[in-house]
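Protein chains: 2
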Amino acid sequence: MFSKSCEYGIKATLFIAQKSQWGERVSLKEIAAAIDSPIAFTAKILQVLAKASIVNSTKGLHGGYEIEKECLPKISLKQIVQAIDGNRIFDGCALGLKICNAKEPCPMHSQFVIIRNKLSETLASSNLLNVAMNLNLGLTVLKR
Amino acid sequence: MFSKSCEYGIKATLFIAQKSQWGERVSLKEIAAAIDSPIAFTAKILQVLAKASIVNSTKGLHGGYEIEKECLPKISLKQIVQAIDGNRIFDGCALGLKICNAKEPCPMHSQFVIIRNKLSETLASSNLLNVAMNLNLGLTVLKR
DNA sequence: GTAAAATCGGATAAAAAGGTCTTTATATCT
DNA sequence: AGATATAAAGACCTTTTTATCCGATTTTAC
Ligand code: FES
Ligand code: FES
Chain U
-8 MFSKSCEYGI KATLFIAQKS QWGERVSLKE IAAAIDSPIA FTAKILQVLA KASIVNSTKG
52 LHGGYEIEKE CLPKISLKQI VQAIDGNRIF DGCALGLKIC NAKEPCPMHS QFVIIRNKLS
112 ETLASSNLLN VAMNLNLGLT VLKR
Chain S
-8 MFSKSCEYGI KATLFIAQKS QWGERVSLKE IAAAIDSPIA FTAKILQVLA KASIVNSTKG
52 LHGGYEIEKE CLPKISLKQI VQAIDGNRIF DGCALGLKIC NAKEPCPMHS QFVIIRNKLS
112 ETLASSNLLN VAMNLNLGLT VLKR
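So the protein sequences, as listed, match chains U and S. Take -8 as the starting number for the first sequence in the working numbering and just add one per residue. Take -8 as the starting number for the second sequence in the working numbering and just add one per residue.
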């Protein structure tokens, strides 16, 4: 479904979001430990996220990653996925035709668009604040 | 969503199904041409499909691939996906946790299972006969 | 100035995708 | 029956993409 980069990207962002609720800033090492991801690889993904201005990064001593508290309710999971994996998941053909086109559809098109749209809506209507709250309630986890 | 192998596998099976309606048997070369796929790679996928007894293969002169007409309504797209990509799509965690578990769910679990199940149902409730009929009506295409 | 932290450029490893050649099975034609 | 052409099966190799790692550089607080 998602690439490994995207999985790590989502988990990293959620962890940052959780800590950012209390105004805490977290380091790369903390993130990698919290989500159980390869540290150097995670760094690259965070760069992408930073360039897409989904997270803020600060260099130097006491640096790290954070998200402004006011932004938390405005950032959706869909934005993260788009920043990392692009939107082929949201508009690509299920059977790999160069472009999905309802005028000359592949045999899965009519049923696939329903699922694709459902996925898109679900991700678009989620926001970091809600997801982070479930995290610190212990209702969900980022690693096991 | 699906691997390239799976995409080719589905398209190949659908093409074979279409021809098998009229009792025709098709060769590897015909299949690869019809679905616009790399010929040798397609051969490998067809071997998997043959071993899963989703298609029948016959060696030698006038050999090729076919599906018994009576089987067409009994084979679902889900079977094809499972034979090639396994069922990680149907039971795997969206965020890459080793196993998806509702007791200790990842933050996407509750929303993701809905989509996953919808996909599973959709694929399970489709059968080759229906899909093949749309193909020969020209309502859908396998390449462009 | 020094230590801590992210950035950057590239190197390496692993997996997915695709290709080549040989072998085996099968129908048809001597 | 035997030779031959055809078509899939099987073993192995190459390329491409994805995933992961390393070292040098820059930025910042103390
Ligand atoms: S054409 Fe294949 S999903 Fe739309
Ligand atoms: S635990 Fe992640 S989808 Fe179920």
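Ideal Cβ positions, reconstructed from N, Cα and C, are used throughout, including at glycine. Remember, predicted model here, so these are calculated numbers, not experimental data.
Same chain, Cβ closer than 8 Å to residue i, five either side skipped, listed in chain order
{"i": "L114(U)", "result": "S67, L68, K69 and V72"}
{"i": "L19(S)", "result": "I30, T33, A34, L37, G55 and Y56"}
{"i": "I7(U)", "result": "V17, I22, V46, Y56, E57 and I58"}
Residue i versus residue j - alpha carbon distance
{"i": "P106(U)", "j": "K109(S)", "result": "A small correction: the amino acid at residue 106(U) is Ile; Pro does not occupy that position in the sequence shown. Approximately 7 Å, taken between the alpha carbons."}
{"i": "C79(S)", "j": "Y56(S)", "result": "It is Arg, not Cys, that sits at residue 79(S) in the sequence shown. Roughly 28 Å between the two C-alpha positions."}
{"i": "K42(U)", "j": "R16(S)", "result": "54 Å"}
{"i": "S117(U)", "j": "S11(U)", "result": "17 Å"}
{"i": "K(-5)(S)", "j": "Q102(U)", "result": "19 Å"}
{"i": "R135(S)", "j": "A23(S)", "result": "13 Å"}
{"i": "K50(U)", "j": "V39(U)", "result": "15 Å"}
{"i": "T131(S)", "j": "L130(U)", "result": "44 Å"}
{"i": "S48(S)", "j": "D76(S)", "result": "21 Å"}
{"i": "C62(U)", "j": "E112(U)", "result": "20 Å"}
{"i": "M(-8)(S)", "j": "W13(U)", "result": "36 Å"}
{"i": "C(-3)(S)", "j": "V104(S)", "result": "22 Å"}
{"i": "A74(S)", "j": "H53(U)", "result": "51 Å"}
{"i": "K60(S)", "j": "S44(S)", "result": "14 Å"}
{"i": "E95(S)", "j": "E95(U)", "result": "43 Å"}
Check: residue i C-beta below 6 Å from any heavy atom of ligand 2
{"i": "C(-3)(U)", "result": "no"}
{"i": "C84(S)", "result": "yes"}
{"i": "F(-7)(U)", "result": "no"}
{"i": "F81(S)", "result": "no"}
Check: residue i C-beta below 6 Å from any heavy atom of ligand 1
{"i": "H53(S)", "result": "no"}
{"i": "P98(S)", "result": "no"}
{"i": "L88(U)", "result": "yes"}
{"i": "F6(S)", "result": "no"}
{"i": "F103(U)", "result": "yes"}
{"i": "C91(S)", "result": "no"}
Interface residues of chain S facing residue i [CB-CB closer than 7 Å]
{"i": "N118(U)", "result": "What N118(U) touches in chain S: nothing, since even the nearest Cβ is about 12 Å away."}
{"i": "V72(U)", "result": "Those do not exist, as V72(U) stays about 11 Å from chain S at its closest Cβ, beyond 7 Å."}
{"i": "E(-2)(U)", "result": "L86 and G87"}
Within chain S, partners of residue i - CB distance below 8 Å
{"i": "K94(U)", "result": "Ordered by position in chain S, no residue passes the 8 Å Cβ test against K94(U), which lies about 10 Å from the chain."}
{"i": "K89(U)", "result": "R135"}
{"i": "I106(U)", "result": "I106, K109, L110 and T113"}
{"i": "N125(U)", "result": "P98"}
{"i": "L5(U)", "result": "P98"}
Where residue i meets chain U, residues with beta-carbon distance less than 8 Å
{"i": "M(-8)(S)", "result": "M(-8), I80, G83 and A85"}
{"i": "Q102(S)", "result": "T113 and S117"}
6 Å Cβ shell around residue i - same chain, five flanking residues per side excluded
{"i": "Y(-1)(S)", "result": "S28, T33 and I36"}
{"i": "K2(U)", "result": "I26 and L133"}
{"i": "P64(U)", "result": "N118 and L120"}
{"i": "T4(U)", "result": "I71"}
Neighbourhood of residue i by C-beta, 7 Å cutoff - its chain only, sequence neighbours within 5 removed
{"i": "Q9(U)", "result": "A123, L126 and N127"}
{"i": "D82(S)", "result": "C91"}
{"i": "C97(S)", "result": "C84, A85, L86 and L88"}
{"i": "A93(U)", "result": "H100"}
Proximal chain U residues relative to residue i, where beta-carbon distance stays under 9 Å
{"i": "T131(S)", "result": "E95, P96, C97, P98, M99, H100 and S101"}
{"i": "K2(S)", "result": "L86, G87, C97 and P98"}
{"i": "K(-5)(S)", "result": "G87"}
Per-residue contacts from residue i into chain S (C-beta, under 9 Å)
{"i": "V122(U)", "result": "P98 and M99"}
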